[in-house]
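Protein chains: 2
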Amino acid sequence: MNDIKKDDASQSQDQAASEKEQKHIERQKKIKANVDKRVAQATEERGVFLVITGNGKGKSTSGFGTVLRAIGHGQKAGVVQFIKGTQWECGEMNILKQFDVQHHVMGTGFTWETQSTETDKAAAKVAWEKSKDMLADDSINIVLLDEMTYMVKYGYIDLEEVIEVIQNRPTMQHVIITGRACHRRLIELADTVSEVQPIKHAFDAGVMAQKGLDW
Amino acid sequence: MNDIKKDDASQSQDQAASEKEQKHIERQKKIKANVDKRVAQATEERGVFLVITGNGKGKSTSGFGTVLRAIGHGQKAGVVQFIKGTQWECGEMNILKQFDVQHHVMGTGFTWETQSTETDKAAAKVAWEKSKDMLADDSINIVLLDEMTYMVKYGYIDLEEVIEVIQNRPTMQHVIITGRACHRRLIELADTVSEVQPIKHAFDAGVMAQKGLDW
Chain A
1 MNDIKKDDAS QSQDQAASEK EQKHIERQKK IKANVDKRVA QATEERGVFL
51 VITGNGKGKS TSGFGTVLRA IGHGQKAGVV QFIKGTQWEC GEMNILKQFD
101 VQHHVMGTGF TWETQSTETD KAAAKVAWEK SKDMLADDSI NIVLLDEMTY
151 MVKYGYIDLE EVIEVIQNRP TMQHVIITGR ACHRRLIELA DTVSEVQPIK
201 HAFDAGVMAQ KGLDW
Chain B
1001 MNDIKKDDAS QSQDQAASEK EQKHIERQKK IKANVDKRVA QATEERGVFL
1051 VITGNGKGKS TSGFGTVLRA IGHGQKAGVV QFIKGTQWEC GEMNILKQFD
1101 VQHHVMGTGF TWETQSTETD KAAAKVAWEK SKDMLADDSI NIVLLDEMTY
1151 MVKYGYIDLE EVIEVIQNRP TMQHVIITGR ACHRRLIELA DTVSEVQPIK
1201 HAFDAGVMAQ KGLDW
């Protein structure tokens, strides 16, 4: 009698597991059908303007990660770093410079280190000229303008010119702008916008910025 | 008279510009003082557990960008990809495999492509075993568990074991988990959590996923 009961329980467990599995498969089928439908609708192939903004950690690494992805397919990239200065060794560029990547660093360091608008403005102008060259060169598949949002915010680079240059870039060229407080006109213009929000940060718990993770 | 007026106007403009510049410098000094204070307080150096979650674009690229940063400083990395399957050529890994990076791909493809929990579970188990090896190896500076959140969500990997293994990893090792819908227990355990929110996505406007940008 006990044995029969156990068998019943075991059978009922098996049945429950099988029903759960069946439900999972049905759900996945629905997801797949939906994804397939959306993929079928997305047929346009062109350069995308991507903005990665917000106050959370992961904006620049996401930009550099996308450049890594592009050069991994044999594409050519351009990178302009608007904030990182000469005193910061940059792990990413140590690798990327071994590949087909044009590169310019603004070189005055963080603006709160230099504290001179004239020096910063002149350096930003040079960096923006380099950016414009890249944004006019159709041999470059993807351009990363790392931390450029601050230059627009401070008025070091003219917003209207940025919009015009991005709009007139080669049709198939992707461009990525990273940084906090992105101007709403750039967000309007962008095809894809991600906002990285900080839920918490190790720095606030007393953990220092570390090589390999933070720069 | 007109000339004098013009000079006055010009002088007043110069003065306004100088005051604006002075204000900017004062503001930057305050920012710098605040940053310096926070940097002085953040003195602990240890491995950081970083979660990059949310529904926006840029989570995996941020993870891979951080790995790029680490190997750029001569550090050793481990990467396990939990969702990307054999049918997707991965731009990032084409480059990273040329450096000191241990790598495992789960290899069944997207779970809504396979639609078999048993196959997925077995593949997830193998990928998790590889992850555990990396999370026990103190020669590895940084471990990226790309899109692992889904494995926990589907119950393919045991949450309690994940927590235990992450807590017991080498003291100086960084670990990054990416993917949507990260379990709240992992968010609680993490040192740094960023949530990538989608403001808009080119895909929704009919632009297809493109090599170099989207994979």
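Protein chains in written order, with my numbering: chain A, 1 to 215; chain B, 1001 to 1215.
Cβ coordinates follow ideal geometry from the N, Cα and C atoms, glycine included.
- Beta bridge pairing from DSSP links residue 194 of chain A with A:52 and B:1198.
- Scanning A:166, A:194, A:155 and A:20 for the CA closest to the CA of residue 1017 of chain B turns up A:155.
- Proximity of residue 192 of chain A to chain B, defined by a Cβ-Cβ separation below 9 Å, is satisfied.
- Collapsing the DSSP output to three states places residue 1214 of chain B in coil.
- In this structure, the CA atom of residue 1209 of chain B is about 29 Å from the CA atom of residue 1126 of chain B.
- When the five nearest sequence neighbours on each side are left out, the beta carbons in the same chain lying within less than 8 Å of the beta carbon of residue 203 of chain A are those of 209, in order along the chain.
- Within 10 angstroms of the beta-carbon of residue 151 of chain A lie 16 or more other beta-carbons, which makes it buried.
- Looking at B:1197, B:1205 and B:1175, the one whose alpha-carbon comes closest to that of residue 213 of chain A is B:1175.
- Taking each of A:83, A:117 and A:118 in turn and checking the Cα distance to residue 104 of chain A, the smallest one comes out for A:83.
- Residue pairing of residue 206 of chain A in beta bridges, as defined by DSSP: absent, with no partner found.
- About 17 Å separates the Cβ atoms of residue 134 of chain A and residue 179 of chain A, ruling out a contact at the 8 Å cut-off.
- At a cut-off of 9 Å, the C-beta of residue 1210 of chain B has a neighbouring C-beta in chain A.
- Contact annotation for residue 1072 of chain B against chain A: 89, 90, 91, 92, 93, 94, 95, 96 and 212 [CB-CB distance below 9 Å, chain order].
- Residues of chain A whose Cβ lies closer than 9 Å to the Cβ of residue 1101 of chain B do not exist, since the nearest Cβ in that chain is about 11 Å away.
- Non-local beta-carbon contacts of residue 177 of chain A in its own chain, meaning distances under 7 Å to residues more than five positions away in sequence, involve 51, 145, 148, 149 and 186 in chain order.
- Annotation for residue 1176 of chain B: the continuous beta strand (DSSP E) segment containing it runs 1174-1178.
- Excluding five sequence positions before and after residue 201 of chain A, the CB atoms of its chain that fall closer than 7 Å to its own CB belong to 57, given in chain order.
- Take the alpha-carbon of residue 1012 of chain B and the one of residue 1143 of chain B: they are about 59 Å apart.
- Look at the stretch 40-52 of chain A: the residues with a C-beta under 7 Å from a C-beta of chain B are 41, 42, 43, 44, 45, 46, 48 and 52.
- Residue pairing from DSSP places residue 77 of chain A in a beta bridge opposite A:101 and A:142.
- Cβ atoms of residue 1131 of chain B and residue 1080 of chain B come within 8 Å of each other, at about 5 Å.
- When B:1205, B:1189 and B:1100 are compared, the shortest CA-CA separation from residue 1048 of chain B is found for B:1189.
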